[in-house]
Structures are given as C-alpha cells and as structure tokens.
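Working notes, structure below.
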Amino acid sequence: MKKNIFITGGCGYKGSKIVPTLLKSGHRITVFDTTWFGNYLPSNANLSVKSGDVRNLKNLSLEGYDTVIHLASIANDPCGDLNPTPTWEISVLATQQLAELAISGGVKDFIYASSGSVYGLSDSEKVTEKEKLVPLSIYNKTKMCAERILLSYSKALNLKIVRPATVCGLSPRMRLDVAVNMLTVQALQNKKITVLGGEQIRPNIHIDDLAALYKFFVEAEESKNGIYNAGFENLKIIEIAEMIAGKTGADIQIKESNDPRSYRLCSDKILEMGFKPQKTVMDAISEISEAWKKGIITNKPEWHTVSWMQKNNFGPEKFSPQFALSA
Ligand SMILES: NC(=O)c1ccc[n+]([C@@H]2O[C@H](COP(=O)([O-])OP(=O)(O)OC[C@H]3O[C@@H](n4cnc5c(N)ncnc54)[C@H](O)[C@@H]3O)[C@@H](O)[C@H]2O)c1
8 MKKNIFITGG
18 CGYKGSKIVP
28 TLLKSGHRIT
38 VFDTTWFGNY
48 LPSNANLSVK
58 SGDVRNLKNL
68 SLEGYDTVIH
78 LASIANDPCG
88 DLNPTPTWEI
98 SVLATQQLAE
108 LAISGGVKDF
118 IYASSGSVYG
128 LSDSEKVTEK
138 EKLVPLSIYN
148 KTKMCAERIL
158 LSYSKALNLK
168 IVRPATVCGL
178 SPRMRLDVAV
188 NMLTVQALQN
198 KKITVLGGEQ
208 IRPNIHIDDL
218 AALYKFFVEA
228 EESKNGIYNA
238 GFENLKIIEI
248 AEMIAGKTGA
258 DIQIKESNDP
268 RSYRLCSDKI
278 LEMGFKPQKT
288 VMDAISEISE
298 AWKKGIITNK
308 PEWHTVSWMQ
318 KNNFGPEKFS
328 PQFALSA
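Now the structure itself:
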C-alpha cells in the first residue's frame with residue numbers, strides 16, 4: 008500500500024537517502040525541515056518540502072498522513088553540548104508536541120530516529136534492546152527522554168523506535184563528522200589518519216541499509232511495533248582506520264583520547280524479523296573513495312555539523328515562544 012508520509016528533518020544526511028528510497032516505492036512524502044544544511048532532495052511530483060521548525064507546529068495539521076518519520080534533531084554529542092537548550096526543545100519538547108499532533112490528525116504509524124548511543128558505556132558482549140540505558144551526553148539523554156515520551160503514547164500510535172549505530176556512506180547531504188566518513192576523507196585529503204585512542208568499539212550501519220530499514224518499517228505491519236537496534240558491524244576505531252589505510256595508502260597516527268564511549272550493538276531482533284543488510288563499512292569506504300576521486304564529493308564546510316552550526320548560529324536564535332516557560 009502506498010503511504011502518505013510526513014518526515015521531519017528529511018533534508019539531513021539520513022533523510023536525503025531515506026526520502027528517495029521511499030519515493031522509489033511510490034510513497035507520497037512531505038518533508039518538514041529548517042534546511043540548516045541545505046536541501047539536496049530530488050524534484051518529484053510525490054514530494055513536497057516545507058520549511059519549518061518542529062518547535063513551532065501551531066499552524067500545522069497532520070490530517071491525511073498515514074505515517075510520521077521523526078528525524079529532526081540536533082544530531083550529535085558536540086552540537087548538543089554547544090546548544091543544550093535547543094537540543095532539549097527540539098529532541099524532547101517538540102517530539103511530545105509532534106506526537107500529540109499526529110494523534111489529533113489521525114496518524115497511525117510513528118517511526119522515531121533514536122540512537123544506539125542511548126546505552127552509553129557497556130562491556131556487554133551483546134547489547135540488546137533490553138540493556139539498561141546509561142546515556143552519557145546531553146544528546147544521548149534527549150534521545151532517551153524522547154523515547155520515553157513516545158512510549159507513553161504507544162496505545163494511540165503504532166510506534167517503531169530505531170536505535171541506529173553510527174551511519175556511514177555517501178548521501179547527497181554528506182556528514183564528515185561521523186567516524187568512517189570523517190576518517191576516509193582525512194585519508195584521501197591528507198594521506199594521514201589521526202585516530203584518538205582507537206580501542207573504542209563502535210557499531211556501524213551503511214546508509215543504504217538504514218534507508219532500506221526505514222522502508223521496511225514504513226511497510227511493516229502493526230505487529231512489528233517496538234524498539235530496534237540497527238547496527239551490523241561492531242568495530243574498533245583502529246580497525247576502521249586500518250581498513251581505510253588499506254584502501255587509500257594513508258598513514259595512521261594515534262593520539263590520546265578523552266572520549267570514553269565504547270559500545271557494541273546486537274541487532275538480532277531486526278535480523279530475526281527478516282531485515283537483511285546488504286552493505287558493509289568497507290563498501291562505504293570504497294564508495295566515498297571513488298566519489299572523491301571523481302570529484303563528486305569534496306570537503307565542504309557544511310558537511311561538518313558542529314562548526315557549521317556554530318558559524319551560522321543555528322539553534323539558539325530560533326528559540327520558540329511556545330517553550331518560553333522552559334527557559
Ligand atoms: N547519522 C548518524 O550516524 C545517526 C545515528 C543515530 C541516530 N541518528 C539520528 O537520526 C536523525 C537524523 O540524523 P542525520 O545524520 O540525518 O542528521 P542531520 O543533522 O544531517 O539532519 C538533521 C536534519 O534535521 C533538521 N532539523 C534540525 N532541527 C530542526 C528543527 N527544529 N525543525 C525542523 N528540522 C530540523 C536539519 O536541518 C537537518 O536537515 C537524528 O535524529 C539523529 O540524532 C543519526
């Protein structure tokens with residue numbers, strides 16, 4: 008069945024791959040985004056892009072939509088630390104208002120982009136969805152709180168919460184602040200990779216698999232409601248660096264790290280549900296390398312989320328009066 012889908016944050020790194028994947032399957036999409044990093048979505052009769060902020064939903068109705076995919080957020084740890092107030096407003100308070108709007112508009116399905124980082128530090132061999140959440144950063148904490156808020160609406164919405172690993176690979180809105188992408192471009196540009204620590208384990212997911220996973224959930228039945236990890240390769244940062252060095256011929260330099268986060272994800276639940284990942288971290292490295300050699304991607308300032316947000320003062324100046332009591 009073709010769905011009418013409302014996607015917040017659809018112009019971002021993930022959205023720029025998820026939206027074309029869903030359009031290809033014939034779904035109709037409205038994207039709602041502040042377009043802080045631009046808009047690289049294709050022109051398509053089934054796509055409309057509205058410029059707007061999820062902190063200000065008062066003139067919006069979600070009547071007629073089947074599904075909400077909620078991606079909009081200040082999307083990493085350093086940005087959350089840089090702008091704590093808008094991070095809480097966007098990721099938590101606005102999520103509650105979006106859920107209310109979805110319910111009053113008669114929307115049935117709600118898919119939320121949480122993060123695998125909600126588990127924080129863990130030595131467990133298998134971090135399943137049942138693991139205790141110990142979020143460390145403001146970003147991680149807002150993701151956990153948004154999950155809890157949404158779970159309180161689970162009688163009114165078919166809720167799927169995705170906890171993805173760090174995403175890697177090419178997107179029209181590129182991100183060069185995520186590990187594999189950042190290290191690959193460093194290697195291509197400088198012939199040298201600087202690794203902080205290196206022993207930390209991080210789970211990874213290729214962006215094409217992530218886009219396929221959202222399509223899987225959009226088309227899934229109600230019985231698939233729940234929380235899902237999504238990360239298919241748990242690798243030490245040094246292992247990723249060695250893969251990149253093998254592909255590009257770059258040297259590896261190791262420096263001390265002050266980032267203690269180390270975690271691995273077990274995604275058996277989604278695999279048992281029938282989802283099959285098709286791509287690997289090595290595919291992402293090869294695809295980025297090829298695109299770089301052909302000049303398809305370059306190291307643009309807007310691909311670096313923190314410095315771009317800092318430079319443009321995104322977040323704070325858009326403070327919304329509806330949350331004035333929280334200030
Ligand atoms: N990329 C990853 O590795 C990763 C991993 C786990 C979870 N996530 C989550 O997935 C989601 C998307 O991440 P991404 O990598 O595409 O990030 P991104 O920063 O590229 O995209 C976020 C998009 O949201 C928009 N946005 C931000 N605040 C908004 C607001 N107040 N109103 C409307 N739009 C707003 C931005 O303009 C941007 O287009 C985020 O919620 C992020 O926390 C990402």
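Numbering (this note's numbering), first residue to last: 8 to 334.
Beta carbons are placed, not taken as given, at the ideal position from N, Cα and C, and that holds for glycine.
Since residue i contacts residue j with CB under 8 Å, what's their CB separation in whole angstroms?
| i | j | result |
| --- | --- | --- |
| D73 | V56 | Rounded, the Cβ-Cβ distance is 19 Å, inconsistent with contact. |
| Q104 | L64 | 5 Å |
| V169 | A227 | Not confirmed; about 12 Å, so no contact. |
Residue i: which of the options sits nearest, CA to CA?
| i | options | result |
| --- | --- | --- |
| W7 | L157, T15, K276 | With the chain covering only 8 through 334, there is no way to say anything about residue 7. |
| A120 | G22, G59, N90 | G22 |
| S178 | Q193, V114, I295, K10 | I295 |
| G112 | N197, L69, N241, G19 | L69 |
| T191 | S161, M250, E226, F224 | M250 |
| F223 | N63, I76, S129 | I76 |
| A79 | K10, E96, P85 | E96 |
| I36 | D60, K10, F321 | K10 |
| I292 | L29, G253, T312 | G253 |
| Y235 | S129, I259, L278 | L278 |
| L17 | A52, V169, G59 | According to the sequence provided, residue 17 is Gly. The question's Leu does not apply to it. Among A52, V169, G59, the Cα nearest to that of G17 belongs to G59. |
| K198 | E206, M189, G205 | M189 |
| E206 | R182, K286, D130, P171 | D130 |
| M181 | G33, F13, T305, L30 | T305 |
| L67 | L54, F13, S32 | F13 |
| E229 | D290, L220, S161 | S161 |
| Y377 | V288, G71, N147, N83 | The requested residue 377 is not part of the displayed model; the chain covers only 8 to 334. |
| L220 | I259, E107, V61, P171 | P171 |
| T312 | T287, D290, L183, V288 | L183 |
| K318 | R62, L89, M8 | L89 |
| L108 | M8, P85, G71, S122 | G71 |
| P85 | V288, I303, N147 | N147 |
| A106 | S122, M8, V61 | V61 |
Got a sec? Which residues, its chain only, sit under 6 Å from residue i by beta carbon, not counting five neighbours each side?
| i | result |
| --- | --- |
| E309 | F44, W315 |
| P284 | D216, F239 |
| K24 | S178, I214, A218 |
| A153 | S98, V99, T102 |
| T94 | I81, G87, I145, T149 |
| A194 | I200, I251, T255, A257 |
| I203 | Reading off the sequence, residue 203 comes out as Leu, not Ile. So the qualifying residues of the chain are K262, S264. |
| M151 | V125, L140, P142 |
| N51 | L30 |
| N320 | none |
| Y47 | S23, P179, R180 |
| N53 | L30, R35 |
| L332 | In this predicted model, L332 has a pLDDT of only 43, less than 50, meaning its place in the structure is not dependable; the value taken from the coordinates is given anyway. Result list for L332: empty, nothing under 6 Å. |
| I110 | A163 |
Excluding sequence positions up to five away, which residues of its chain have a Cβ less than 8 Å from the Cβ of residue i?
| i | result |
| --- | --- |
| A186 | T173, C175, R209, N211, I244, I247 |
| K231 | K167, F224, M280 |
| Q260 | K199, I200, T201, V202 |
Can you find the residues in the same chain that come closer than 7 Å, C-beta to C-beta, to residue i, ignoring five residues on each side of it along the sequence?
| i | result |
| --- | --- |
| K27 | The sequence shown places Pro at residue 27, rather than the Lys named in the question. Closer than 7 Å at Cβ, skipping near neighbours: P49. |
| N241 | I208, P210, R271, L272 |
| E91 | Correcting the residue identity first, residue 91 is Pro in this sequence and not Glu. Excluding residues within five positions, the ones whose Cβ falls inside 7 Å are I145. |
| S32 | K222 |
| Q196 | N306 |
| F282 | L220, F223 |
| M289 | M250 |
**Request:** Return the chain-ordered ranges of every beta strand (DSSP E) run that is complete within the region 77-133 and spans a minimum of 3 residues.
**Result:** 116-120
**Asked** Pairing CB atoms from the region 261-281 with CB atoms from the region 135-143, are three or more of them under 8 Å?
**Response** yes
**the region 150-167 / the region 298-308 touching (three or more Cβ pairs under 8 Å)** = no
**Prompt:** Touching or not, the region 114-129 and the region 162-172, by the rule of three or more beta carbon pairs under 8 Å?
**Reply:** yes
**Request:** Quick one: which unbroken alpha helix (DSSP H) runs of 4-plus residues sit fully inside the region 164-223? Chain order, please.
**Result:** 186-197
**Request:** Identify every run of the alpha helix (DSSP H) within the region 12-90, keeping only runs that are complete inside it and at least 4 residues long; order them along the chain.
**Result:** 22-31, 84-89
**Message:** List, from N- to C-terminal side, the beta strand (DSSP E) runs of 3 residues or more that fit wholly inside the region 246-288.
**Reply:** 258-262
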